[in-house]
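Participant:
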Amino acid sequence: MSNIDDELTHPGPAETTAGADGHVPASSVRLPFGRNPRHFGIDPSDPWPADVPMDQDDTHWRFENDPKGAKRAERRIAACWTVTLLASIAVCVVYVTGANNQLAGLCYGLAFGGLGVGMILWARDLLPGHEVTASRGHHEVSSEGYRVAVAESFSRGTDAIARRPFVFKILAPAAGLLGLGTLFGPVASLGPRPHTDLYKTKWGKGTRAVDQDGNPIKPTDLPVNGILTVFPEGYMDDALSPTLLINVGDSDFKVQPQRAGWNLQGPYGNIVAFSKICTHAACPASLYNVQRHQLICPCHQSTFDVLDDCRPVFGPAPRSLAQLQISTNSDGYIISVSDYTRAGGGPVGPGFWNRG
Amino acid sequence: MSTTQERAAAQKRFALAKSGLDTVDERFASSKWLVSALDKIFPDHWSFMVGEIAMDSLIILIATGIYLALFYVPSSTDVVYAPTSGHVYLPLVGQHMSEAYQSVINLSFDVRFGLIMRQAHHWAALIFLAAVFFHMCRIFFTGAFRKPREINWIIGLALWQIVSLEGFTGYSLPDDLLSGTGIRVIYSIVQSIPLVGTWLAYALWGGRFPGSTFIPRLFVIHEFLFPLAIVGLLTAHLMILWHQKHTDFPGPGKTETNIRGSRVWPQYAMKAGGLMMLTASVTFLLAGFVQINPVWLYGPYTTYTVSAGSQPDWYLGWLDGSVRLWPHWEFRSFGHEIPNPFFPGLLIPSILFGIMFAWPWIDKWIYKDYGPHNLLDRPRDKPFRTGVGVAAGMFFTDLTLACATDLLANNLHVPFERLIEVLQYGVFVGPIAGFVVAYWTCLHLQRTDAHPIRRPVGGIIYRTASGGYHTVGDVHHDDHGHDDGHGDHGHGGPHSDTPGGQSPRHDAPTPEPVAGD
Ligand code: HEM
Ligand code: FES
Numbered sequence: 000m001s002n003i004d005d006e007l008t009h010p011g012p013a014e015t016t017a018g019a020d021g022h023v024p025a026s027s028v029r030l031p032f033g034r035n036p037r038h039f040g041i042d043p044s045d046p047w048p049a050d051v052p053m054d055q056d057d058t059h060w061r062f063e064n065d066p067k068g069a070k071r072a073e074r075r076i077a078a079c080w081t082v083t084l085l086a087s088i089a090v091c092v093v094y095v096t097g098a099n100n101q102l103a104g105l106c107y108g109l110a111f112g113g114l115g116v117g118m119i120l121w122a123r124d125l126l127p128g129h130e131v132t133a134s135r136g137h138h139e140v141s142s143e144g145y146r147v148a149v150a151e152s153f154s155r156g157t158d159a160i161a162r163r164p165f166v167f168k169i170l171a172p173a174a175g176l177l178g179l180g181t182l183f184g185p186v187a188s189l190g191p192r193p194h195t196d197l198y199k200t201k202w203g204k205g206t207r208a209v210d211q212d213g214n215p216i217k218p219t220d221l222p223v224n225g226i227l228t229v230f231p232e233g234y235m236d237d238a239l240s241p242t243l244l245i246n247v248g249d250s251d252f253k254v255q256p257q258r259a260g261w262n263l264q265g266p267y268g269n270i271v272a273f274s275k276i277c278t279h280a281a282c283p284a285s286l287y288n289v290q291r292h293q294l295i296c297p298c299h300q301s302t303f304d305v306l307d308d309c310r311p312v313f314g315p316a317p318r319s320l321a322q323l324q325i326s327t328n329s330d331g332y333i334i335s336v337s338d339y340t341r342a343g344g345g346p347v348g349p350g351f352w353n354r355g
Numbered sequence: 000m001s002t003t004q005e006r007a008a009a010q011k012r013f014a015l016a017k018s019g020l021d022t023v024d025e026r027f028a029s030s031k032w033l034v035s036a037l038d039k040i041f042p043d044h045w046s047f048m049v050g051e052i053a054m055d056s057l058i059i060l061i062a063t064g065i066y067l068a069l070f071y072v073p074s075s076t077d078v079v080y081a082p083t084s085g086h087v088y089l090p091l092v093g094q095h096m097s098e099a100y101q102s103v104i105n106l107s108f109d110v111r112f113g114l115i116m117r118q119a120h121h122w123a124a125l126i127f128l129a130a131v132f133f134h135m136c137r138i139f140f141t142g143a144f145r146k147p148r149e150i151n152w153i154i155g156l157a158l159w160q161i162v163s164l165e166g167f168t169g170y171s172l173p174d175d176l177l178s179g180t181g182i183r184v185i186y187s188i189v190q191s192i193p194l195v196g197t198w199l200a201y202a203l204w205g206g207r208f209p210g211s212t213f214i215p216r217l218f219v220i221h222e223f224l225f226p227l228a229i230v231g232l233l234t235a236h237l238m239i240l241w242h243q244k245h246t247d248f249p250g251p252g253k254t255e256t257n258i259r260g261s262r263v264w265p266q267y268a269m270k271a272g273g274l275m276m277l278t279a280s281v282t283f284l285l286a287g288f289v290q291i292n293p294v295w296l297y298g299p300y301t302t303y304t305v306s307a308g309s310q311p312d313w314y315l316g317w318l319d320g321s322v323r324l325w326p327h328w329e330f331r332s333f334g335h336e337i338p339n340p341f342f343p344g345l346l347i348p349s350i351l352f353g354i355m356f357a358w359p360w361i362d363k364w365i366y367k368d369y370g371p372h373n374l375l376d377r378p379r380d381k382p383f384r385t386g387v388g389v390a391a392g393m394f395f396t397d398l399t400l401a402c403a404t405d406l407l408a409n410n411l412h413v414p415f416e417r418l419i420e421v422l423q424y425g426v427f428v429g430p431i432a433g434f435v436v437a438y439w440t441c442l443h444l445q446r447t448d449a450h451p452i453r454r455p456v457g458g459i460i461y462r463t464a465s466g467g468y469h470t471v472g473d474v475h476h477d478d479h480g481h482d483d484g485h486g487d488h489g490h491g492g493p494h495s496d497t498p499g500g501q502s503p504r505h506d507a508p509t510p511e512p513v514a515g516d
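Protein sequence lines correspond, in order, to chains E and V.
Each step along the first sequence adds one to the number in numbering that gives the first Met the number 0, with nothing skipped, and position 168 is 167.
Each step along the second sequence adds one to the number in numbering that gives the first Met the number 0, with nothing skipped, and position 18 is 17.
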């Protein structure tokens, strides 16, 4: 290392002299930093700043004067890299013998780790380097001359534009509308307009309620305190339609005004139907606390009182779950009488701007 | 080898290197720049390494991500998981699922080394975000965002946002029950935006939730749009950093116009390479031994089921917590409504990020300090700023705890209602308490000049430029301090640095560096 330094710091002649082949012998070149190859960020044309010490030397390394230590360090590093070597082979063995995930992780970890530790040891013990203090240079701001110059260059253009304010006044809105106009079509094509889509589910007059295996449900299928998620037949995938049938038995279910007869009453109990879609952020409100007749939404813990219109009694949900009017058809299967309605607390799910 | 042999070998190497570098120079006139690049000073402080860890994890993310993309099928087409010739996950056999979910299951069980790549990708994402977050905190508490580095603060915050979203879109891709639930909530938040919410949601999802367009779009966003933005912003971030040079902790001999550290070549570069290898090592050890996002246990997404205990990855917990803690309020009038999720899901984060983006200018205004700074503040020297940072930390911690109320309630055997109420009060009490404690601690530390963690008290050991050590009892009267036009850069001493420009140090206008032609 120091040999090269000697070469570099040889003072050369003032002029560079190129040989016949255009190449310059290194020893005859004047280096930009003169005798000191460690310029520490200082512009060669500047005087040496007061806050950068002159005697700094970061070309030494830890075991420079300790050949035995250096040999030991070399062996340590070699050992680390041998780990990498072996682990890299091992990881291929792991692959062909069934690719156990833990073993693969271990081998990868050892391969990368050995390489990394070795590199860090190499840097610490055998490579030159040391903290030094350098200059930040003076390019944090440009000189005032350049600042004026750039402002003038810029004004050359703006002056010309300002001479014709009228065309500029037309250009600005034209460019703006060009932007909007070109974007409108592509953006509009990204998706359909919502129209009244969010007001609708797939329930309707006489739609049979089916469970998740597609089987229609009879009131007698649902024991007292039983709860079942049902779907409009054929529309398992519609995100707003899932509905809960709950048999509240002879608990004191408060029938809301205008909703008499929306539930199914009989020897099997009292079955009510409420939207499963939380009015907060549309998670399925799927936990049922039978003792308290409360539905809990697992997402943000909104709690709904089933006996009282599925009114939210705790948590962020702002509105009751909507109620679905149900009945049975001539075969005795549970059907919806209509889609969710305003009277039932619809539309279902979380709010939106023109829900009103 | 004898010295002459060594010398000859060195000369040969030199000639070789030079002819190579000459070849480059003849094309790019690169020598002047390369000299300064190889001699560039990098800081040796450990806290600067965290940024490197972030970069290393990004490289791991891109490498493993490209691999995952070779197997992932961005499709929500319904399929039934059936035994194949390869490895199957028996509990799922016969279940309906999207092709996307199926491809991730196959990648995990049937593709050899697929699982470790997936887990390495996810772990790298967590490490990446942790590193970026730590990095951000350091910048804030030490005042590194001050002039001339405001733009990098803004780019950094934008990166934090995009990287969080990148993580979110990433763990939404497998289309398992957990990710589907998260997407459903996001849809509701988008839908809650006043005026344009429903249109926006329909445009992004191509219609009503869930629709079949969204997973392919999510894939394009996660694997093209956001990575492009991240790499672009990161490049700008690093170029600015390179140009402005890093900040520096104050200390003897340090001034606004000099910089302390090691030259990049060769020792520092080797250390940095070693650190990258260690980051990879830790990532893959975690990927091998610590299971993450076992989507086969969550099951495929359906619109009507959800598992209790759905938590996002840690870096988005605060958003989920915010949505949980906001009361049942929403606003309705004139036939329109601003739905509940809008406030905690968009409005509050926007206000918070607004304050964070504006902080460099708020900070200037508070301290009446408009000048450029290369030397950092110690957190204790700016009790108000430190207090605000700790308060923000308490706020985010409170919200993050709130995202796990269901788990916490189960484990602590308290009703979740009480827990949520406590955390609702915590939103206010936590930050105030945090501010007061931090402010008081700063003043105390100023007075005693103690290290916040290390004891005993009574002096600071400094390492000098030449590698020696000396102890300083009262740095205030330490003649190693340099007059750099900014006064003593507060390594300790009782400063009363209250907002409103009481600080004696900053009343004097900071002289601009004099520019000479
Ligand atoms: C830049 C930062 C990135 C972050 C923070 C990130 C984060 C994530 C996360 C958390 C996951 C979920 C993994 C899981 O299933 O547990 C994921 C999945 C995925 N990522 Fe990334 N990612 C990043 C970059 C990329 C890039 C650059 C690509 C591709 C070029 C990519 C491709 C994928 C693919 C295909 C998946 C889904 C496959 C799967 O989950 O198994 N990611 N990402
Ligand atoms: S979605 Fe039900 S509580 Fe938030």
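Built from N, CA and C at the ideal position, the CB exists for glycine as well.
1) Taking only three categories from DSSP, how would you classify A272(E)?
2) Is L284(E) close to ligand 2? I mean its beta-carbon at under 7 angstroms from any heavy atom of the ligand.
3) By the three-class DSSP mapping on this structure, what secondary structure does R259(V) have?
4) Where does V87(V) fall in DSSP's three states?
5) Give every residue of the same chain whose Cβ lies closer than 6 angstroms to the Cβ of P311(E), excluding the five residues on either side of it in the sequence, and list them in chain order.
6) Along chain V, which residues have their Cβ under 7 angstroms away from the Cβ of T195(E)?
7) Taking buried to mean at least 16 other C-beta atoms within 10 Å of its own C-beta, is F165(E) buried or exposed?
8) Mind checking the region 188 to 221 of chain E against chain V and listing, in chain order, the residues whose C-beta falls within less than 8 angstroms of any C-beta there?
9) Does the beta carbon of Y303(V) come closer than 8 angstroms to any beta carbon on chain E?
10) Heavy atom of ligand 2 less than 7 angstroms from the Cβ of Q310(V), yes or no?
11) At a Cβ threshold of 8 angstroms, is G19(V) touching chain E?
12) What residues of chain V sit near G104(E), judged by a beta carbon separation below 7 angstroms?
13) Could you tell me which uninterrupted beta strand (DSSP E) segments, each at least 3 residues in length, are contained entirely in the region 237 to 322 of chain V, listed from first to last along the chain?
14) Can you find a C-beta in chain E that's less than 8 angstroms from the C-beta of L194(V)?
15) Can you list, in chain order, the residues of its chain whose CB lies under 6 angstroms from that of T141(V), leaving out five sequence neighbours each side?
16) Indicate the three-state DSSP secondary structure (helix, strand or coil) for T195(E) in the structure shown.
17) Between V183(E) and chain V, is the shortest Cβ-Cβ distance under 8 angstroms, so that the two count as touching?
18) Any Cβ of chain V within less than 8 angstroms of the Cβ of Y287(E)?
19) Quick one: which chain V residues come within Cβ less than 9 angstroms of T228(E)?
20) Apply the 10 Å Cβ neighbour rule to R259(V) and answer buried if 16 or more other Cβ atoms are within range, or exposed otherwise.
21) If the criterion is Cβ atoms closer than 8 angstroms, does the pair L284(V) and G97(E) meet it?
22) Cβ of P315(E) versus every heavy atom of ligand 2: is any distance shorter than 7 angstroms?
23) Quick one: which chain E residues come within Cβ less than 8 angstroms of N257(V)?
24) Please work out which residues of its chain come closer than 6 angstroms, Cβ to Cβ, to Q520(V), disregarding the five sequence neighbours upstream and downstream, and give them in chain order.
25) List the endpoints of the continuous alpha helix (DSSP H) containing Q293(E).
26) Less than 8 angstroms between the C-beta atoms of V28(E) and T132(E), yes or no?
27) Would you tell me roughly how many angstroms separate the C-alpha atoms of A130(V) and W159(V), rounded to the nearest one?
28) Check the Cβ-Cβ distances between Y267(V) and every residue of chain E, and say whether any is below 8 angstroms.
29) Please look up how many angstroms separate the CB atoms of I276(E) and P266(E), rounded, as I've assumed it's under 8 angstroms.
30) Return the chain-ordered list of same chain residues with a C-beta closer than 7 angstroms to the C-beta of L217(V), the five sequence neighbours on each side being excluded.
31) Using a Cβ cut-off of 7 angstroms, pull out every chain E residue sitting near A202(V), in sequence order please.
32) Is D20(E) helix, strand or coil by DSSP?
33) Between the Cα of H292(E) and the Cα atoms of A281(E), F273(E), F62(E), which residue gives the shortest distance?
34) Taking only beta carbons into account, state which residues of the region 154 to 188 of chain V come closer than 8 angstroms to chain E, listed in chain order.
35) Taking the C-alpha atoms as reference points, what is the distance between I40(V) and I153(V)?
Facilitator: According to the structure shown:
1) Taking the first residue of the first sequence as position 1, residue 272(E) is located at position 273. In the structure shown, A272(E) sits in a strand (DSSP, three-state: E or B).
2) Translated into the one-based positions of the first sequence, residue 284(E) becomes position 285. Note that residue 284(E) corresponds to Ala in the displayed sequence, not to Leu. True, at least one ligand heavy atom lies under 7 angstroms from that Cβ.
3) Here residue 259(V) is taken as the residue at index 260 of the second sequence, counted from 1. Look at R259(V) here: in three-state DSSP terms it is strand.
4) Residue 87(V) sits at position 88 when you count from the first residue of the second sequence. Coil at V87(V), not helix or strand.
5) Working through the first sequence from its first residue, we reach residue 311(E) at position 312. By the criterion of a C-beta distance shorter than 6 angstroms, P311(E) is surrounded in its chain by S301, F303, once the five residues flanking it on both sides are discounted.
6) Numbered from its first residue, the first sequence carries residue 195(E) at position 196. Within chain V, no residue comes near T195(E); the closest Cβ sits about 10 angstroms away, beyond 7 angstroms.
7) Taking the first sequence and counting its residues from 1, one reaches residue 165(E) at position 166. Answer is exposed; the Cβ neighbour count stays below 16.
8) So the close ones are L189, G190, P191, R192, P193, D196, L197, Q211.
9) Residue numbering aside, residue 303(V) sits at position 304 when the second sequence is read from its first letter. Cβ-Cβ to chain E under 8 angstroms: yes for Y303(V).
10) Along the second sequence, one-based indexing puts residue 310(V) at 311. Result no, Cβ not under 7 angstroms from ligand 2.
11) Looking up residue 19(V) in the second sequence gives position 20. Not an interface residue.
12) Against the first sequence, residue 104(E) aligns to sequence position 105. Neighbours of G104(E) in chain V, taken as residues at a C-beta separation under 7 angstroms, are given in chain order as I115, F283, L284, A286, G287, F288.
13) Fully enclosed beta strand (DSSP E) runs of 3 or longer: 257 to 262.
14) The residue given as residue 194(V) occupies position 195 in the second sequence. Cβ-Cβ to chain E under 8 angstroms: yes for L194(V).
15) Along the second sequence, read from residue 1 onward, the residue named residue 141(V) stands at position 142. L375, D376, listed in sequence order.
16) Against the first sequence, residue 195(E) aligns to sequence position 196. T195(E) sits in coil when the DSSP states are folded into three classes, being neither helix nor strand.
17) On the first sequence, position 184 is the one that residue 183(E) refers to. Checking the sequence shown, residue 183(E) turns out to be Phe, not Val. Interface criterion not met: the Cβ of F183(E) is under 8 angstroms from no Cβ in chain V.
18) For the purposes of this step, residue 287(E) is taken as the residue at position 288 of the first sequence. For Y287(E), the answer is no, since every Cβ of chain V falls outside 8 angstroms of its Cβ.
19) Here the question's residue 228(E) lines up with position 229 in the first sequence. Residues of chain V passing the Cβ test: Y303, T304.
20) Along the second sequence, read from residue 1 onward, the residue named residue 259(V) stands at position 260. Buried, because 16 or more other Cβ atoms sit within 10 Å of the Cβ of R259(V).
21) Counted from its first residue, the second sequence places residue 284(V) at position 285. Counted from its first residue, the first sequence places residue 97(E) at position 98. Going by C-beta atoms, L284(V) is not nearer than 8 angstroms to G97(E).
22) By one-based count along the first sequence, residue 315(E) stands at place 316. Result yes, Cβ under 7 angstroms from ligand 2.
23) Counting from 1 along the second sequence, the entry for residue 257(V) is found at position 258. Under the 8 angstroms cutoff, chain E gives P48, D50, V51, T132, A133, S134, R135.
24) No information on residue 520(V) is available, as it lies outside the stretch 0 to 516 that chain V covers here.
25) One-based indexing of the first sequence puts residue 293(E) at position 294. DSSP places Q293(E) in no alpha helix (DSSP H) but in the uninterrupted beta strand (DSSP E) bounded by 293 to 295.
26) Within the first sequence, the letter at position 29 stands for residue 28(E). Within the first sequence, the letter at position 133 stands for residue 132(E). No, they are not a contact pair.
27) What you label residue 130(V) is simply residue 131 of the second sequence in a count that begins at 1. What you label residue 159(V) is simply residue 160 of the second sequence in a count that begins at 1. If you take the alpha carbons of A130(V) and W159(V), they lie about 11 angstroms apart.
28) Here residue 267(V) corresponds to residue number 268 of the second sequence, with the count starting at 1. It does: the Cβ of Y267(V) has a partner Cβ on chain E nearer than 8 angstroms.
29) On the first sequence, residue 276(E) is found 277 positions in, with the first residue counted as 1. On the first sequence, residue 266(E) is found 267 positions in, with the first residue counted as 1. Rounded to the nearest angstrom, the Cβ distance from I276(E) to P266(E) is 31 angstroms, too far for a contact under 8 angstroms.
30) If you number the second sequence from 1, residue 217(V) lands on position 218. So the qualifying residues of the chain are T168, S171, L172.
31) Within the second sequence, residue 202(V) is the residue found at index 203, counting from 1. Correct list: V186, L189, G190.
32) For the purposes of this step, residue 20(E) is taken as the residue at position 21 of the first sequence. Legend: pLDDT at D20(E) = 48, less than 50; position of this residue unreliable, no value from coordinates given.
33) By one-based count along the first sequence, residue 292(E) stands at place 293. Of A281(E), F273(E), F62(E), the smallest CA-CA separation from H292(E) is found for F273(E).
34) Residues of the region 154 to 188 of chain V with a Cβ closer than 8 angstroms to any Cβ of chain E, in chain order: T180, R183, V184, Y186, S187, I188.
35) Start at 1 with the first residue of the second sequence, and residue 40(V) comes out as number 41. Start at 1 with the first residue of the second sequence, and residue 153(V) comes out as number 154. Going from the Cα of I40(V) to the Cα of I153(V) covers about 24 angstroms.
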